[in-house]
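A quick write-up on the structure given underneath.
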Amino acid sequence: MNPAVLSQHMSQRYLRRKITHWIMMGVLALASGLALIPLLSLSAYVLTQGIPGLGINFFTHLPQPIGETGGGMANSILGTLTLVVLASLIGVPWGIGTGLYLSEYPPGRLSTAVRFSADLLASIPSIIIGLFVYTLIVIPMRRFSLIAGGVALGIIMIPTLARSTEELLRRVPVHVREAGLALGLPRWKVILRIVLLGNARAISTGIILSIARVAGETAPLLFTSFNNQYWQRGLGQPSSSLPVQIYTYAISPYEDWHQQAWTGALILVLLVFTMNILTRILLSPRGSSS
Amino acid sequence: MRRLVSVLFGFFSLSSVVIMIAVATEAATLINGAGATFPFPLYSKWFAEFHKVDAEVEINYQSIGSGGGIRQFTEHTIDFGATDIPMTQEQLSKAHSPILHIPTVVGAVVLTYNLPGIPSGLKLSSDVISELFLGKIKTWSDARIAQMNPGVKLPNEPVTIIRRSDGSGTTAIFTDYLTKVSPDWKTRVGTGTAVNWPVGLGGKGNEGVAGLIQQTPGSLGYTELVFAKINHLSYVAIKNQAGEFVEPNLNSVTLAASSAIKSMPKDYRTSITNPSLKGAYPISAFTYLLVHESMPKAKGEKIIKFLHWALGAGQQYAQKLYYSPLPPEMISKVNHTIEAIHLVPDQHE
Amino acid sequence: MSNFRLRKRARREIHLGDLVFSYFLRALSFGLALLLAVIGFFLFRGAFASISRYGWSFVTESVWDPVQEVFGSAPVLYGTLVSSLIAVSIAAPLSVAIALFLNEVVPPKIGKTIGFLVEMLAAIPSVVYGLWGIFVLAPWLRTRIEPILAQDLGWIPIFSGPYYGVGMLAAGLILSIMIIPTVFSISREIFKTIPTAQREAALALGATRWEMMKISILGSSKSGIGGAIILGLGRALGETMAVTMVIGNRAEISASLLAPAQTMASVIANEYAEATSDIHLSALIEIGFLLFVVTFIINAFARLFILRETKS
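Residue numbers (our numbering), protein chains in the order written: chain A, 33 to 322; chain B, 4 to 352; chain C, 108 to 419.
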């Protein structure tokens, strides 16, 4: 082939490849933009629909009977706080303990099984956890209750926290542990004081993230903590929670309730986003000690 | 680092305080009930008003549907249930203890529709209604609908049937009516709180159905009257046994209720759909609270107090929310039934 | 492994405290595995009445009729499968494209920020998606998109029949948004593990940036991406609240995507608290049990894929 034709052929091919490249870049950019549309639309709606309902009443009042305005979600907010605390009381020690076992003790059959169980448990639809807790706690107790809701959310926390703790602690260099052991500290102290507390910042981000996740769960609460239009009356009684209240209001036909559902959603989203951003700050290189 | 630990510690101690407060406020009596969505607007008013009468009592009522009310009540997860359809003999025998049905008010199930420009009063006969819900009549401009509604501009649009997705007393009342008027419905679908619908979209609760109708032009569904009223939905005038097109109102619903008084069974479990009386609205029903015949003292006393209140002072709220009060001759009977409830000493759970 | 060295050291002097502590952690870990087994057992026990009464017909029959006590879950399984497949077929290419774009094209700082935003999609609670679905997505579909689909593409069975806004399509769309972050973050993690040398090799041979991505990135992470997609599928299958709020709740097999449907999770959310007969309840628990088993299988698969990736 004549070199001139060859080079023309080459440059044509090159051009075609270049064009494909640019088209694909466009496609990739478009895809990224597309994925952000729902986030933008959702945030915009939650803000514009939710803000008008923000007021002191929303945080201090109980729900009103149908057709009467001025009600709020005070009890739901307290309910969600209580549920999150209960869930943490179960989920945090159990999850972190399991994570410690997985990262600090030699691998064996148990740790393989536990790792697999944790991954499975984490991916089980949360409504199934609700079913389970209903038969385990609600039926024997003969009452929907905060405890049942807290247990359901706690169970959901365990596997994610166990795995994130394990992942985080694996990154801790061995010599840190060895230094502790060399000082003559017993192993349990090394694990608790040096490995765990030494990485408290990282561990706490794991905790915050798992709290953020369960705070927005609705399905497992439908038949555990149920709902209540009054203030909660103790842990053995049903209680309102933000997600369930949003759900109830969202599918209702009342204008005023829709408004409150949006405002509730705004609070919930703010709560969850704040926690997520907080973890980013905690993990940013500047403040990190590990 | 230390600071972080103390922040976390602080969070936990603060939250335990929150829990302590939550536990400490257990003083008031909390009574839990759940069930029918049909009377929910009235009940939510009642429980709020009764709280003003007796501040010690908080009655938490969740409208999860009559099916759920019966289920959770027989599971003993709630103190009282609420249903629009009496429990069946089978359900009663499965419950471990005797159960009382306390009728509270009379309500009407209305057929509501979303046809822009056509206000309430569209006329439909029972056979057209059953064929619409069987999916045999598919468009609004169907000749049989047009024939009953001369002068109404019916759109040439498909009919979107909206019905319940959950177990529902409203469904039971409506399907009870359809079963009575349509042999075809009786064999193909039948009566129940949840049935195998031939067509339609499902909404959760009366609230959900009303919400879906609002959102869907060309839809037809069924809800309790008050849901249509509050949400400004149009509703149908239904042809009754006497051959008149009747709209649901205090008068036509009360007539339907009074038609049943003579043959009222002792436990009030009766159906008043498709009455033969002139002027009576064809799809109405008593709605009931379910209570145990024997109850622990502390809660039982409060529940009895509430029931008497509901049948007395409570009845005045019914009309404002488009329910019909119980006929006076029934009220005294029901009050007797309530007095028969016996209280047993509290056991600590 | 480092743990090995630790073990040796620990063996030399065993404190009572160490013993107690290690047994405590072991008990917690064992408890986690036990918890899973107990959940499975409870579901099986609850479902037993339905399993023994209906046998295989439970998954093959398509009538869900609580009045006649006939329970066939085929429509529910179908609804679950189709809505999840819609979700995956939209989310998978999008997520991989975003991961490529953010990891390989834009400057790291911008990539990090946008990546964070995409991951925020995962943080939004399901019920908020549902709220948005009812009041924004469904009306938009009903007034803007579905009329066009029905009019111009109505001859294709999947776009035939009346439309309502809510339905299979709405559920599939909302699910796709919800699983994008899952598939995206795993894909990005995988891309990050590919050594820079591999990219440079392709570029040095004269490949354009896109060709480099095709050859050295996508080519060598196929099974990892497969695993990511399967995990996304797993998440879509079990998603409850948002789906329940927009799918229309009707248990029927319909070719049209515009028609309402019902999924395994949504039927439980709708009917569980309200089921009146014991057999109805048992049938619902059996659906929960099936969902449990499916999750089990899906996860085993995804792990297999991702494991193969990280080993090679």
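Backbone N, C-alpha and C define an ideal beta-carbon position, used for all residues, glycine too.
Residue contact with chain B for residue 262(A): present (Cβ-Cβ distance below 8 Å to some residue of chain B). Around residue 234(C), the same chain offers 348 as residues with beta carbons nearer than 6 Å, after the five sequence neighbours per side are excluded. Residue range 208-218 is occupied by the alpha helix (DSSP H) that includes residue 218(B). Within a 10 Å sphere around the beta-carbon of residue 123(C) sit fewer than 16 other beta-carbons, which makes this residue exposed.
At a Cβ-Cβ threshold of 8 Å, residue 363(C) and residue 268(C) count as neighbours.
Rounded to the nearest whole angstrom, the CA to CA distance from residue 227(B) to residue 112(B) is 4 Å. Under the three-state reduction of DSSP output, residue 63(B) falls in the strand class. Taking 7 Å as the cut-off between beta carbons, the residues of the stretch 214-239 of chain B near chain A are 214, 217, 230, 233 and 234, in sequence order. At a cut-off of 4 residues, the continuous stretches assigned as alpha helix (DSSP H) that sit fully inside the stretch 177-232 of chain A are 178-202 and 206-214. Counting every other CB atom within 10 Å of its CB across the protein chains shown gives residue 87(B) a total of 16 or more, marking it as buried. Membership of residue 36(B) in the beta strand (DSSP E) is indicated by the continuous run 32-38. Taking a 10 Å sphere around the C-beta of residue 313(C), we find fewer than 16 other C-beta atoms and assign the residue as exposed.
A Cβ-Cβ contact shorter than 8 Å links residue 230(C) with residue 308(A). Residues 109, 253, 256 and 257 of the same chain have their beta carbon placed closer than 6 Å to that of residue 327(B), with the five preceding and five following residues left out of the count.
Looking at the DSSP output, residue 167(B) bridges to 206(B). Contact between residue 351(C) and residue 373(C) holds, since their C-beta atoms are separated by about 4 Å, short of 8 Å.
In this structure, residue 62(A) sits away from residue 224(C), with a CB-CB distance that is not shorter than 8 Å.
Following the DSSP letters along the chain, one finds residue 242(B) in no alpha helix (DSSP H) but inside the beta strand (DSSP E) bounded by residues 240-242. Ranked by Cα distance from residue 198(C), the first of 298(C), 285(C) and 381(C) is 285(C). For residue 283(A), the neighbours in chain B by C-beta distance under 8 Å run, in chain order, 206, 207, 208, 210, 211 and 214. Here residue 118(B) carries a coil assignment [DSSP, helix/strand/coil]. Remark: C-beta atoms of residue 181(A) and residue 256(A) approach each other more closely than 8 Å.
Per the Cβ contact rule, the stretch 206-225 of chain A is not in contact with the stretch 165-184 of chain A (fewer than 3 Cβ pairs under 8 Å). In the three-state DSSP reduction, residue 222(B) falls in the strand class (E or B). DSSP places residue 124(A) inside the alpha helix (DSSP H), whose first and last residues are 106-136. Sixteen is the threshold: when 16 or more other Cβ atoms of the shown chains lie within 10 Å of the Cβ of residue 369(C), as they do, the residue is buried.
Neighbours of residue 275(A) across chain B, judged by C-beta separation under 9 Å, do not exist; the nearest C-beta is about 15 Å away. Within a 10 Å sphere around the beta-carbon of residue 343(B) sit fewer than 16 other beta-carbons, which makes this residue exposed.
Residue burial is scored here from C-beta neighbours: residue 150(B) has fewer than 16 other C-beta atoms within 10 angstroms and is therefore classed as exposed.
Less than 8 Å separates the beta-carbon of residue 296(B) from that of residue 100(B). Excluding the 5 residues flanking it on each side, residue 157(C) has same chain C-beta neighbours closer than 6 Å at 389, 390 and 393, in chain order. Using a 10 angstroms sphere on the CB of residue 46(A), the tally of other CB atoms stays under 16, which defines it as exposed. In this structure, 266(C) is the residue among 251(C), 163(C) and 266(C) with its C-alpha nearest to the C-alpha of residue 257(C). Among the residues facing chain B, residue 171(A) is included, as its CB has a counterpart in that chain under 8 Å away. Interface annotation, residue 67(B): in contact with chain C, CB-CB separation under 8 Å.
Interface criterion not met: the Cβ of residue 163(C) is under 8 Å from no Cβ in chain A.
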